[in-house]
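K.L.:
To convert, take the position in the sequence shown, counting from 1, and add 6; that gives the numbering used here.
A single structure is presented below for examination.
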Amino acid sequence: MNPAPQDQAEKMSRAQSFLAAALLFCVVTVSRSETVILSSVHDVLVKFGLPKGLIPDTVTSYSLSENGKFELELERSCYVHFDNLVYYDKKISGNLTYGAISDLTGIQAKKFFVWVSVTGIEMDPGSDEIEFHVGFLSEKLPVKQFAEIPTCKKSACADRIQLASIAEVRSFFLLVSDGLDLLILGVC
């Protein structure tokens, strides 16, 4: 007993509709996952009201959970010169909310001769400044310093080696008995 041609056509139409819906679902899923993959961490910072130049150019991967917790990995630990020398660990993590990063780990800034951990970053509403928290202390800097994505350097002195005058060297040696190694660190 053969099914009626109308029943066969109806079954075929349902199968085609199901196949088209499944194909559309796959295309939408793939295009959504491509958007996530193609979106850089720098674009994410901008979507959260922060400047893209807070993180250097060597990000290899990152993850951002729905609650704002993020982790990112750089090719290697490295240094960037802003107003201060900044050290980026290979792994950086924190909590991202609109206009702020809290519970930050993996970033340190050099103040005078001391490295201090940056624990939070916050946009200052109504101004062109961004505030960096170091424990209970903070410092505000112009946002324009972070407008461009910085290049990460392997060493603290890359592109920054300066020649000291003889007078500077003499006064440095009078203050420091350790000599040349410390002099190079002081000059950078």
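For each residue, glycine too, the CB sits at the ideal point set by N, CA and C.
Determine the DSSP secondary structure at Val124, reduced to helix, strand or coil.
P.N.:
Position 118 of the sequence shown, counting from 1, holds the residue named residue 124. Val124: coil per DSSP, three-state reduction.
K.L.:
Assuming Lys97 and Arg82 are in contact, meaning their beta carbons sit under 8 Å apart, how far apart are those beta carbons, in whole angstroms?
P.N.:
Position 91 of the sequence shown, counted from the first residue, corresponds to residue 97. Position 76 of the sequence shown, counted from the first residue, corresponds to residue 82. With a Cβ gap of about 11 Å, Lys97 and Arg82 do not count as contacting.
K.L.:
Per DSSP, what are the beta-bridge partners of Ala199 in this structure?
P.N.:
Any property of residue 199 remains undetermined from this structure, which presents the chain solely from 7 to 194.
K.L.:
Report back the beta-carbon spacing between Leu110 and Val120 to the nearest angstrom; my notes put them in contact at under 8 Å.
P.N.:
Here residue 110 corresponds to residue number 104 of the sequence shown, with the count starting at 1. Here residue 120 corresponds to residue number 114 of the sequence shown, with the count starting at 1. Between Val120 and Leu110 the Cβ distance is about 18 Å, and since that is not below 8 Å, they are no contact.
K.L.:
Round the Cβ separation of Gln86 and Pro57 to the nearest angstrom and send it over; I've been treating them as touching at under 8 Å.
P.N.:
The sequence position of residue 86 within the sequence shown is 80, counting from 1. The sequence position of residue 57 within the sequence shown is 51, counting from 1. The residue asked about is misnamed: residue 86 is Val in this sequence, not Gln. About 13 Å; that fails the 8 Å criterion.
K.L.:
Output yes or no for whether 8 Å exceeds the beta carbon distance between Glu77 and Ala106.
P.N.:
Reading the sequence shown from its first residue, position 71 is the one you call residue 77. Reading the sequence shown from its first residue, position 100 is the one you call residue 106. No. Outside cutoff.
K.L.:
Could you tell me the distance, in whole angstroms, from the CA atom of Gly141 to the CA atom of Lys117?
P.N.:
Locating residue 141 in the sequence shown gives position 135, where the first residue counts as 1. Locating residue 117 in the sequence shown gives position 111, where the first residue counts as 1. Rounded to whole angstroms, Gly141 to Lys117 spans 14 Å at the Cα level.
K.L.:
Please classify Pro156: is it buried, with 16 or more other beta-carbons within 10 angstroms of its beta-carbon, or exposed?
P.N.:
Here residue 156 corresponds to residue number 150 of the sequence shown, with the count starting at 1. With 16 or more other CB atoms across the displayed protein chains lying within 10 angstroms of its CB, Pro156 is buried.
K.L.:
Label Glu55 either buried or exposed according to how many other C-beta atoms from any shown protein chain fall within 10 Å of its C-beta, with 16 as the threshold for buried.
P.N.:
Working through the sequence shown from its first residue, we reach residue 55 at position 49. Position check: residue 55 holds Gly in this sequence, whereas Glu was assumed. Exposed, since its Cβ has fewer than 16 Cβ neighbours within 10 Å.
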